[in-house]
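Number of protein chains: 2
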Amino acid sequence: MQTQTTPTAPQSRAPSQPQASGRSLEHPRREAIRLEDVLHALSDPMRMRVVRTLEEENCELSCSVFDLPVSKSTTTHHFRVLRECGVIHQIYRGTAKMSALRRDDLDALFPGLLDSVLAAAALEEGRLGGDRG
Amino acid sequence: MQTQTTPTAPQSRAPSQPQASGRSLEHPRREAIRLEDVLHALSDPMRMRVVRTLEEENCELSCSVFDLPVSKSTTTHHFRVLRECGVIHQIYRGTAKMSALRRDDLDALFPGLLDSVLAAAALEEGRLGGDRG
DNA sequence: GAAGTAGTACGGCGATCGTCAAACTACACT
DNA sequence: AGTGTAGTTTGACGATCGCCGTACTACTTC
Numbered sequence: 001m002q003t004q005t006t007p008t009a010p011q012s013r014a015p016s017q018p019q020a021s022g023r024s025l026e027h028p029r030r031e032a033i034r035l036e037d038v039l040h041a042l043s044d045p046m047r048m049r050v051v052r053t054l055e056e057e058n059c060e061l062s063c064s065v066f067d068l069p070v071s072k073s074t075t076t077h078h079f080r081v082l083r084e085c086g087v088i089h090q091i092y093r094g095t096a097k098m099s100a101l102r103r104d105d106l107d108a109l110f111p112g113l114l115d116s117v118l119a120a121a122a123l124e125e126g127r128l129g130g131d132r133g
Numbered sequence: 134m135q136t137q138t139t140p141t142a143p144q145s146r147a148p149s150q151p152q153a154s155g156r157s158l159e160h161p162r163r164e165a166i167r168l169e170d171v172l173h174a175l176s177d178p179m180r181m182r183v184v185r186t187l188e189e190e191n192c193e194l195s196c197s198v199f200d201l202p203v204s205k206s207t208t209t210h211h212f213r214v215l216r217e218c219g220v221i222h223q224i225y226r227g228t229a230k231m232s233a234l235r236r237d238d239l240d241a242l243f244p245g246l247l248d249s250v251l252a253a254a255a256l257e258e259g260r261l262g263g264d265r266g
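First to last, the protein sequences are chains A and B. If you read the first sequence in our numbering, its first letter stands for residue 1, the second for the next number, and so on. If you read the second sequence in our numbering, its first letter stands for residue 134, the second for the next number, and so on.
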């Protein structure tokens, strides 16, 4: 139940889109992504929720739009896990840190995996009542 | 923690093929299987190994044929995790405990998930085994 | 520069995880 | 009966996990 304010208005901030700057974020190379780490990352409800939202929106999202029912530091932790295991890509844009699914890498490495996991999550949500939070 | 102290021998044992008898094992019903638990179970290398072997052999296997590089009690633990999260079905046959993948249940609940996970594991093994300079 | 916003780092806490060894139970076969 | 095989249970251990609050840094805007 994230407050869908749709902060991504491409045309409004098109001329001066903040670029990656300052801090650098470590990402595993595609070849370094390990299946067991991905599965572990996805086995947490919070992180699954993040990944599903990322998939649905299909664009870069800042951490703050997720509004997870945990503290800021815990949110940071979950995003870090997702990034370090190769599930998401993160980049600083001004004061925001944008996250995006590493679909290409994941699909190349593990064909069909992400799709079936996301489909399974959606199916299960439907089965179990479809409402959480 | 049930204190099962009833070694009931209901009827005569079949002399040739040992059947399920004595101890009973708890399995989650199909509807009770949770995606996050399955992903968590699969995120452990030992358990993934078990599941992959079960898939390859495609038949009931006793725990002892796996020969995992861990102790007996740890092996028991891993099989228990796999059973309790609904990934495998186990049954006692004489002195052996046979395990089998719950393919039907998993495929019904999470279509394509197991296939893509197993394919991903195989792919990754190929990657890491062949390009490990 | 100061204030505000977005996210990080640093501990700390309790729970869970993977692991083990030792003692035990259940079954099969002499 | 006794011995052997197969797996369980218990209790422990260190590591990791998910979570928190506090203090901090980086960037934007005033």
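Even glycine gets a Cβ: it sits at the ideal position worked out from N, Cα and C.
Would the beta-carbon of residue i fall within 9 Å of that of residue j?
{"i": "A/Glu-56", "j": "A/Met-98", "result": "no"}
{"i": "B/Met-181", "j": "A/Leu-35", "result": "yes"}
{"i": "B/Gln-221", "j": "B/Val-250", "result": "Rather than Gln, the amino acid found at residue 221 of chain B in this sequence is Ile. Cβ atoms of B/Ile-221 and B/Val-250: not closer than 9 Å."}
{"i": "B/Met-179", "j": "B/Val-203", "result": "yes"}
{"i": "A/Asp-37", "j": "B/Ser-176", "result": "yes"}
{"i": "A/Leu-128", "j": "B/Leu-172", "result": "no"}
Find the nearest neighbour of residue i within the set the options, judged by alpha-carbon distance.
{"i": "A/Ala-119", "options": "A/Asp-104, A/Arg-30, A/Thr-53 and A/Arg-34", "result": "A/Thr-53"}
{"i": "A/Leu-25", "options": "A/Ala-121, A/Arg-80, A/Lys-72 and A/Cys-63", "result": "A/Arg-80"}
{"i": "A/Arg-29", "options": "A/His-78, A/Leu-106, A/Arg-49 and A/Thr-75", "result": "A/Leu-106"}
{"i": "B/Arg-216", "options": "B/Thr-228, B/Arg-236, B/Val-203 and B/Ser-204", "result": "B/Arg-236"}
{"i": "A/Gly-86", "options": "A/Thr-95, A/Thr-74 and A/Ala-100", "result": "A/Ala-100"}
{"i": "A/Ala-96", "options": "A/Ala-32, A/Glu-125 and A/Cys-63", "result": "A/Cys-63"}
{"i": "A/Glu-124", "options": "B/Phe-243, B/His-211, B/Leu-256 and B/Glu-257", "result": "B/Phe-243"}
{"i": "B/His-160", "options": "B/Gly-259, B/Ala-255, B/Asp-200 and B/Gln-223", "result": "B/Gln-223"}
Tell me whether residue i sits in a helix, a strand or coil according to DSSP, three-state version.
{"i": "A/His-40", "result": "helix"}
{"i": "B/Arg-260", "result": "helix"}
{"i": "A/Asp-67", "result": "coil"}
{"i": "A/Ser-116", "result": "helix"}
{"i": "B/Pro-178", "result": "helix"}
{"i": "B/Arg-162", "result": "coil"}
{"i": "A/Arg-34", "result": "coil"}
In terms of residue numbering, what span does the beta strand (DSSP E) encompassing residue i cover?
{"i": "B/Arg-226", "result": "221–226"}
{"i": "A/Ser-99", "result": "96–101"}
Quick one: give me the first and last residue of the alpha helix (DSSP H) that residue i is part of.
{"i": "A/Glu-60", "result": "Neither: A/Glu-60 is in no alpha helix (DSSP H) and is coded neither H nor E."}
{"i": "B/His-211", "result": "205–217"}
For residue i, count neighbouring Cβ atoms within 10 angstroms of its own Cβ and tell me buried if that reaches 16, exposed if not.
{"i": "B/Ala-165", "result": "exposed"}
{"i": "A/Ala-41", "result": "buried"}
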